[in-house]
Structures are given as C-alpha cells and as structure tokens.
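*Asks:* To start, I am sharing the structure in question, which I have written as structure tokens.
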Amino acid sequence: MRRAALGFALAAGLFLAHAAPAQDSTADIGALNGATMEALNAGDTPLAVERARAAVEAARAADTPDPLAYAYALNNLGYALALAGDAQAGAQLDEAIAFAEQAGLTGSDPWYLAASNRANVHLMQGDIPAAEALVDRILGAGRGTPDHGRALGIAASVHFAAGQYIASIEFLEELLAVEPELLRPLYGTIYTTYAQTQEAMEQAGRTDEAIALITGRIAVLRRFMPEEVEGIQNLLSQKFFLLHQAERYGPAADALRAWGAAAPLSEDELAYVNEMATLTLTATQAASYTELREVQLDYAQLAVAYAELTGIENDPRLGLALREVAHAQTNLGLHQEAAQTLRRAARVLEATEEGRKSLHLILDDLAANAWQRNDLSLSERLYDQSERAYSIALDQGAEPLTPIDLAISATNRARLMTDMGRPQDALDLTEEALTQYRQNTDVIPTWNTRAEMARIHAAAAVALGDLGQPEQALDRLEQALSIAREAYPENHPDLATALTNAADFLFVQGNKTRAVSLLEEAIAINDAALPHALPMAVDAQLKLALFHVSEGNLDAATPLLRDIAEARKSPLYRAQLPESIQDFEILAWSLLARSGTAPPDPATIDEALSALQWTQVTRSAEALAMMEARLAADDPLQAVWLRRRQDLREAHTRETSALLTAYGEGADRSTLRAFDTRLNTLERDLQTVETRLSGLGLETAGLTGVQPLQVSEIQSLLKPDEVLLTFLLPGLRPDMVAALDGSSNQTIAISRGAIRVAPIPDDSRRSLNDRITAFRCQIAVSDPGCATFGTTGLRGAMLAEQEEDTRGFDAEGAFRLYRDLFGGVSGMLTGKDHLIIAPPADLLRLPFQALVADTQGGPNGSPDWLIRHHAISVLPSISSLRGLRNHPLPRGKGLGRYLGIGDPVIGTSGPVDCATVRMAALRAAPPDTPDLMDNDTGTPLARPAVLRSLPRLPDSACEVEAIGRVFGGSASLFTGPQATETKVKLLDASAQLAQYDVIVFATHGLTAGEAGARAPGLVLTPPDTPTAEDDGLLTAAEIATLGLKASLVVLSACNTAAGEDANAEGLSGLARAFFHAGGSSLLVTHWSVYSSAAVEVSTGLFRTLQDEPDLSHAEALRRSVLAILDDPAQDPLRTHPSYWAPFAIVGLR
C-alpha cells in the first residue's frame, strides 16, 4: 500500500487534476470544479467529494453541458473518492474514462487524468495487470503526440507504484529524452525516493531492481545536475560492484567503462584497475588453452574493460584480452565480429616490443577466421605472416607454443589446404597435428582437448577423400565421429557442428542417407541447446535444406528454408543479414518453383516477394553502427531505443555465451532451463523494441527489419501507366538441382492489374554480372577491371570527340541483356510509360536506360534505346515504395528554391573557364588514395589531408552555377571554402535546408570501402582539424539526420549509382539516408561524367519541369536525354551512351 500511495502522489505531482474554466452554458460546472480543486488543495477531502458530486449533478442536469467540463467533473469526483478510500472510486473513474472516449476526448487532459487516476486505484486494489493494461492504452494515445511526455510520466509513476522499478526507470529515461522539463519541479523528490528504494532493494537482495534505480539516479543527475561529477562517478562505482557481485560481468564491464569516463581516476583507483587487468586476463585465459575453449564472453569483455582503463597506451594485456573476446565470438558463430575484434587486437600488439611477442597468436586466429569467412587467399597469407611472427617472437624470448596449440594450428591449416585444392598438403598437416597431439600425453586431457583429436581425423578424412581414397577416408571419419561422441558433453553444440561437418563430407562421397541422418541429429541437438536464431544453430538446417533442394525435394526443403529465413530476420543478428541473402533467394525460388508449370497462387507470390524484400535491406555492420551512432546523437528519443536494443542484443549474446559454458561444464537441466527462460524473455523484449524503432521511422534508414509489401499493396500504390520490376537471382543451375529445367533466375513484374514471373535465360548470377560488367565497360571505361573484359567498345569517358557515336558499341549484346532481363515480361511493359525497378544490390550498377529494346534500331539509325520507350526510376528496395508514395510532395508549384554545393577546396588545380570546359574530371577517388578514415583514434573521422589530396573538380562550380541560372533568383550557391559540412549543418539547424526544393551536390562521391571510407559519403571542403561535426566527408549516417523537404537531390558525383555488396555500401545507403531525411528522389550518376553532359542533362531536366511541373522526375530526365539524342546538330560524342546514360533517377515523384 505504501508503494501505491507513493506512486499516486508522484502521478498527482506531475499531473494534478484541475477544473475547467467557466463557460457560458456551464458556468456552474466550472465554478464547482474550481471549488473542488480548492478543497483538494486545502486537504479537505470530504468537502472535495461533496463539491465534486455537485459538479457532476450540475453537468447531468444541464441541457447541453460542455463535454470538457463534464469530463473534469467526473474525474475530480473519482479522484476525491479515491483519496477518501471510497470503494466507488474505481467505478466513478471508469465512468469518466468512458464518457471522455464517447465524447471524442480520448487523449484530452481529463481523459489522461481519469486514466492515470484509475490506474493508481487499480494498484491500491492490488490489480496490477489491470493497471498495466490501462498504462498501455495511455501510452498508445500519447506516443508521437504533444502528450508523449505526459503519458510516459504516468507510465513511470504507475510502474514505480507497482514495484516494477526496472520498467519504471525505462519510462523515466524515455521521458527525459522526450520532455525533461516535466520532471524539473520534481527531480529532487524523485532522486531521493529512488535512493531510499534502492537501499531497500539491496537489503532485500533484489539486485536487478537496485541496479535499475541507480541507473535512474544517474539519469536524473546527468539531466538536471551534470556538474555533480563525483556523485555520478560514485553511483557508477556502486552499479559496477553490484553487477560484479551478481556475476553479470558484461554489464559490469559497461559500468566500469562509464565509471572511468566520468572523471579522471585517482592513483589508488588506477592501481586497482592495473591489478585487476592482470588478474581478470589470467582468469580468462585459464578457462582453456585450446581453440575449443569455453571462454565466457562477458568475463572476457570485463578483462578488456580493465585493460582499457589502465591508461597504458597499447597495453599488451588489452590485445590478449581482445583475443579472448574474439574466441568467445567465434564459439557463437559471429565470425565477422570476431574478425573486427582480432584486427583491433593486432593493432594493439604490433605497437610494442612486448606485444609483438604475442602477435603471432592473433595472426593465427585471423587466418582461421578468414578461412571461416571463405577468404582463402587471405587466410594463407595470414598463416605465413603468423609463422614469421612466431619465429621472431621465439628469438625475442617468447614462450613456445604448447603441443596442443601447434596441433590446432596444423589442423586449421589442413582444412585451408583442402579448400584450396591441395589435399596432399592437407594430409601432411594432419599427420603433423597428430604428432604434436601425441606429445601432449603428460597432460590429463580435458574433454575439449580430446575433441581436438576428432577434428584432426575429420580433416584427414576430407583430404583422403579428395585424394581418391574413399575407404581410408571413411575409416578416419568414423574415428572422428566416435571420438567426438565420447568427448563432448551431452547435447553440446560443438558435437552438432562435428556431425554437420561429417554430413558435408558424406554428401560429397555419395552417402546421402547417412548424411541426412547426421544432419537431423545435429539439428535436434541445436534445437535442444541453442537459441533458434544463433547462426551456428542455423547452419545444420541450411545444409539439410540445400541437400533437399539439390535432390529436387522442394516439399522437404521449403519448411526448413522458412525456419531459416525467420531466424535470419532476428534483430539479434541483423549485422549478419548481408551474408544470408541467398537463403532468402532460394526460399523465394523454392516457393515459386513448387507451383510447377501452373502460375503461383497469390499467397505463394506474396510469401516469395516477402522473402525477396528481406534481401534488399542489408547493410554492412560498420555502416549500421555509424548510422545508429549518428541518429542517436541527433535524436534523444531514438538514442534511448537504439541503446535499449543494443543492450538487449549484448545481453542475449552474453547469455548465449554463458549457456555454452554451462554445457561445457555439464550443468544440470534446471540450470539450462533457466537459461532458456532468460533468453526467451530477452527475445520478446527485443522484438518490442524493434517495433518501437519502426514506429520512429527508422525502417527507411535500414535500421530495423523490413515490413514487406504484399502484391495487393504494391498494386494500390502503382499508377495505371506504371509497372514495378524486380529480379530474383538465386543462381541455381540444372547441374546443381535435380529436375531443374532451365534457369532459377527470374524477373517479377507487377502492374495495377497483373503480375508475371518469368525466367531469365542466363542461369548463372556470376555470368549475368560479368555480362553487365562488359556492358558497362563499353561506356564507362573508368570502371576498375575493364581491361580484363576485352570488350569491343572500351571508350566511355575516354571517347575522342571526333569518333562516331556508337562505333564499336555492341548493340546486339545490349539487346540480349534486355531480352534476358525483360523479354519474359515484355507484354507487361507494353503501354507502360514508367518502369519502377527495384534490383538486387549487384544490379544497381546497370544503366537500364542504355539497354537496347529492339534489334531493328531507332531513329537516325541509332540503337533502339530503352529510354525511348519508358521513363525509368530505380528504388533501393521494394518496401521504399510505401514511404515514397504515402508521403507525396506538393506538385504543380514550379521548380521552387535551389541550393547548389560543389567544387570543394581539394586538389591543386587553378581556376577554370566554364566556357571552355569539355570533359569531366573523374569524380572518384584515385585507386592509390591512402585510407581515408582515421583508424587510430577509434572514431570514424575522415583524414583531411587525404581528402585534400583528391583531385579538384573545378568544373563542378560551373555545373551548380549553370543549374542556378535556370532557377534565377531562387538559387543559393556554396562553392569552394563555403562548401563545407558546417555550412550544410548550419542550414539544417536553422531549418533553412528544409526550404529548398532542389539540392545539388557536385563533388566526389565515395562508396563504402572506397579509399578506406567506412560508409558512403560526399566529399566537401575539409577543415584543418576534423571533428565529429565536420571532417570533410558528409556520410550517409550524417545525411540521415538532416531535415529535408526536397523533391529532388542531385548527386553529381562519380559512382553514386554504384553497385554494392555486403562490405561496400553505395547507392542504396545514400538513397536510404536521403529518403530518411525527407528527400523524395535522387538524380545520380553511374560513372565519371562529361562536364558538358552534367550541365546539359540536368539543366534540360529542370527546364522540362519548369514547363510541366507535374511531370515525374524520371519522365523529365527521359525528355532531357531524348532532346540530346534527337538533336540533328549534336556531335557524335553526345549521342554515345557514355555521355547521356550515366544519369539515373532513384526514388519517386
């Protein structure tokens, strides 16, 4: 009862009931409401009840009572009755809520008052579920409205009163992000109450609640008393020790870092940290000494945190602690994360003489990691580097490796040799591994040491199989399986891995029945032991599904593929999504292929299309991290939910790591069930957070899962003259899949009234990409690698002006590419003016407009370019259609205002005479550009010196000026020293950026991975000293935080329409960022453009829009290009596709 009363008081303090002002027909009600408040403020509850009853009776007696005054009167009576302890209070407040809702006052002031008061009465009556349900209604009404903060305050108060302190603090943090001033009058009371309750929770042994209350106290101090640094640091220290005592080492590591960052540590504190850095690392390393170590992730993270706080630059203990973290990540199948951790460890260790004694360990681990990620050549190079580093380390007095560690390394190398097609070398290495293993007889082997013998035999079996010795190979495999079954604890996930690998070998040897049996056993172990979405748990399912696919048994494969797809969608492993694209593609193909020759039914098409849409939301892990960091810095509310998601992900990963350790230690079933319960709770909480992030609009930025469009919704969003096209490219071939007749690659076309799925004759995705590369090389000779394709028209940007327009251009090849991609759906294209294409990432680089639609040729003997028949828009994903079409921009108002930014201060060239400009400088980083991003500071900042070394683009100033002349007095230009990130962000902060209808960036554009850039971005004038706000590179993450209302953003920079892969984000990253910022469509370029083309095409587009404001941007671009192609006075250069084809519209208007 005391808690309920306290929560009631807090709620009343935040949201006091009050009377409505007197109004003409209900003056008496207003006066009585005021009198009720006077009595409440005086503490005279009986008088308040009397006056509230009178107000309600007056309202009921009035012919047309004011609904607002009536609702206040009902609430005030319920509130007064509650204070009096009257059992009728709940019913009275129910009446108040019902009346407000019936009167259309849901979300009004009296509705919130009545709902919050009713929730507290529920608590006083002990009905916590009813109170929670009412709070959910309050939050549903308040989120995203001016009353968001109010709703959160009610939720925080009610949950606190219910003793649900963890939930209460979460709502408090959200409230501090949304409307902190609501709490200013009360923060002292709240802080004191939290402190008292924290002490009670500690005494009661309720550690989680005590930690949450400490978190709340820290949040209050940081918001309202940030100068209390010592108090904040003391609270962080309390939090750390509570977490450590509870053996929650991962959160303890986070608290330890925050404690160290709050203020400089004293000498005594540094001495403590230094001692603990050694002790914790030693304890972590003692867990095991083999690769199959059962390192618990959270404890390894604690070792890293201590090492980071020592203040010792490049402390070798940090490098070794990071190695332990990487081992734990590897055990979880998180190979990309492990690679990043190991690379950081290598940088630390190679910086000091002492560290270099251990560098060979990291290089060896990196080599094994590269093999796991299928980068075989890198793995071989790293093993060679490891050998050299080990030799140097021994010369410097390092301890030699143990025989078991040498055995592990030899086994790993053997697996690499097998995959590189060198089975004899692999077999020799397994013999070397056996020799080393047998030297370990003086040590009592642990279970995972015994398991290493199984790995050696398994590696030898594969090598023998490749050497054509099947009997010996099978014998070694049986030895491996026998040892593994004996060595591993019951239901250990590593046994499932061993069984899966054995099944792989048996498939190759043709023993399919035994292979399936082993895979089914592995799946059963994983189902019992691991969270369903863990990558290593999915591997066995995937192998079994692919076996069924290869056998043509799609009825058996499809359910497995569905389960795999659901696991891949988990927000827990969103960073691994780029590696899983083919899983979704094969599922989509399998669904469609099961229909046979009959057209797939609508439900099947929807399911297949949904799977395909999940392939279009992938982002590299680093790009995701940068985007999240920027959006969190820009929006406190997004920061709360992004941080909460990250905390839940880390908690789930740490809990899973602890689960694997428990299996290794032979934990009992009750302990394992407790892990399952906690993991399931974390997954539910994570899904809730994911839903909230989608509600905040982060789906457009690619930071949440996709909400797939069904065919019916797509059709409702399309106009009568439009057709949406996308491509399914699983790349399965008849020699891979039994009963596959032809290609698995398909084109999907959807119009308002029809849908068609048609095969693409080219059954190889690689072959299709090679053809696209060859096609591009005819018109974009600056593309890297073009010289290797031997095309007949290697000209592109190097085309001499006097050459004929299409001499050497392979029009027949361009037609075949069109026929393969669009021929099967050509009937759907007839009469459609606008093609909306949502291609897979690797087809984004294809300039569709330059395909040839008919071998008969076009006007004047030129090829029949596709752009003559259709305007073309490209979308980064099918799901972006919803956002772009549901939020249309005003039309028919002319060109509007123009902002041009270009010619940043980089390079060394002098002034340019715009009248003489003919050819464009290549707007891309030269291939020998040093790494652009600063990898030493730990912050993703560009290096100004590297930016300044890029070639200047003086002609880009001519371009923005020429476009500006079309707009006349509505143009603003910022070039040279004014073309800075600071200028862009100042315009954004003052809301001026949102006033521009057209924005042009004429500068270098970089894709992720280009010149060491970690995410796609646009080069601006670099500052002398880089900061987080201005380092000279406007990244996609920064673009996403801008506030735009531009109908068109022009990225007149090389390669902004580049294709991409999982590690090199380009167009889709920039497009998503601009769409999230509020842009509607982009004009991008596929390759280095002629300066005259940039001016001619863009100004032609804007003049067309000036004459016909309601045209789509795609149609305006089409007409601009056709004006060039059909101008009889044009020289041959301008009719060549290298001149006009690089320009593409991304998005819709």
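So the sequence shown is residues -19 to -1, 1 to 1130, counted in mature numbering (1 follows the signal peptide of the UniProt record, and there is no 0).
Where a beta carbon is used, it is the ideal one built from N, C-alpha and C, also for glycine.
1) Which residue's Cα is closest to the Cα of Glu631: Thr652, Leu667 and Ala620?
2) Identify, in the order they occur along the chain, each residue of the same chain with its Cβ nearer than 7 Å to the Cβ of Thr87, setting aside the five sequence neighbours on each side.
3) Bridge partners of Glu703, per DSSP?
4) Leaving out five residues before and five after Trp352 in sequence, what residues of the same chain have Cβ atoms less than 6 Å from its Cβ?
5) What number of angstroms, rounded off, separates the C-alpha of Met206 from the C-alpha of Ala227?
6) Count the other CB atoms within 10 Å of the CB of residue 1209; is the residue buried (16 or more) or exposed (fewer)?
7) Among the residues of its own chain, which have a CB less than 7 Å from the CB of Arg737, if the five just before and after it don't count?
8) For the alpha helix (DSSP H) containing Thr727, name the first residue and the last one.
9) Just to confirm, are Leu1086 and Leu816 a CB contact at a threshold of 7 Å?
10) I'd like the list of long-range same chain contacts for Leu679, defined as Cβ closer than 6 Å, with 5 residues on each side in sequence excluded.
11) For Val670, name the three-state secondary structure that DSSP assigns.
12) When the Cα atoms are used, what is the spatial distance from Leu153 to Glu588?
13) If I measure Cβ to Cβ from Phe221 and keep anything under 7 Å in the same chain, skipping five residues before and after, which residues do I get?
14) What residue range is occupied by the uninterrupted alpha helix (DSSP H) comprising Val1076?
15) Span of the alpha helix (DSSP H) holding residue 1166?
16) DSSP three-state label for Pro932, please.
17) Reducing DSSP to helix, strand and coil, say where Ile343 ends up.
18) Please report the distance separating the alpha-carbon of Asn472 from that of Asn507.
19) Quick one, which of Ala819, Glu793, Ser1061 and Arg394 has its alpha-carbon nearest Leu832's?
20) Which full runs of the alpha helix (DSSP H) of 4+ residues lie inside the segment 420 to 451, going along the chain?
21) How would you call Glu940, buried or exposed, if buried means at least 16 neighbouring beta carbons within 10 angstroms?
22) Buried or exposed for Thr967, please, with buried defined as at least 16 other CB atoms from any protein chain shown within 10 angstroms of its CB.
23) Have a look at Asp408 and Met517 and give me their C-alpha separation to the nearest angstrom.
24) Counting Cβ pairs, one atom from each stretch, are 3 or more of them under 8 Å apart for the segment 62 to 69 and the segment 39 to 49?
25) Rounded to a whole number of angstroms, what is the C-alpha to C-alpha distance between Ser1062 and Pro451?
26) In terms of residue numbering, what span does the alpha helix (DSSP H) encompassing residue 1133 cover?
27) Find the nearest neighbour of Ala320 within the set His850, Gly11 and Ala307, judged by alpha-carbon distance.
28) Helix or strand or just coil, what does DSSP make of Thr961?
29) Give the straight-line distance between the Cα atoms of Thr634 and Trp428, rounded to the nearest whole angstrom.
30) Does DSSP put Ala648 in a helix, in a strand, or in coil?
31) Tell me, please, which residues DSSP counts as bridged to Ala852.
32) Distance, Cα to Cα, Gln317 vs Asp346?
33) Where DSSP assigns a beta bridge to residue 1131, which residues make up the other side?
34) Rounded to the nearest angstrom, how far is the Cβ of Leu709 from that of Asn726, given a contact under 8 Å?
35) From what residue to what residue does the beta strand (DSSP E) around Tyr879 run?
36) Pick out whichever of Leu1015, Ala432 and Ala288 has its Cα sitting closest to the Cα of Leu301.
*Replies:* Working from what's here:
1) Leu667
2) Ala81 and Ala122
3) His815
4) Ser360 and Leu397
5) 29 Å
6) Within the shown structure, residues of the chain are numbered from -19 to 1130, placing residue 1209 beyond reach of any answer.
7) Ala730, Val806 and Met809
8) Inspection of the sequence shows that residue 727 is occupied by Gln rather than by Thr. It is not in any alpha helix (DSSP H) - Gln727 instead sits in the beta strand (DSSP E) that spans Gln727 to Ile731.
9) no
10) Thr685
11) helix
12) 40 Å
13) Ala233, Ala236, Leu237 and Trp240
14) Ser1072 to Asp1088
15) Any property of residue 1166 remains undetermined from this structure, which presents the chain solely from -19 to 1130.
16) coil
17) helix
18) 8 Å
19) Glu793
20) 428 to 447
21) buried
22) Here the sequence assigns Leu to residue 967, which means Thr is not the residue at that position. Flag for Leu967 reads exposed.
23) Note that residue 408 corresponds to Leu in the displayed sequence, not to Asp. When rounded, the distance between both Cα atoms is 27 Å.
24) no
25) 60 Å
26) The displayed coordinates of the chain run from -19 to 1130. Any statement about residue 1133 would go beyond what the structure contains.
27) Ala307
28) coil
29) 24 Å
30) coil
31) His815
32) 13 Å
33) Because the chain here runs from -19 to 1130, residue 1131 falls outside it and cannot be looked at.
34) 7 Å
35) Tyr879 to Pro885
36) Ala288
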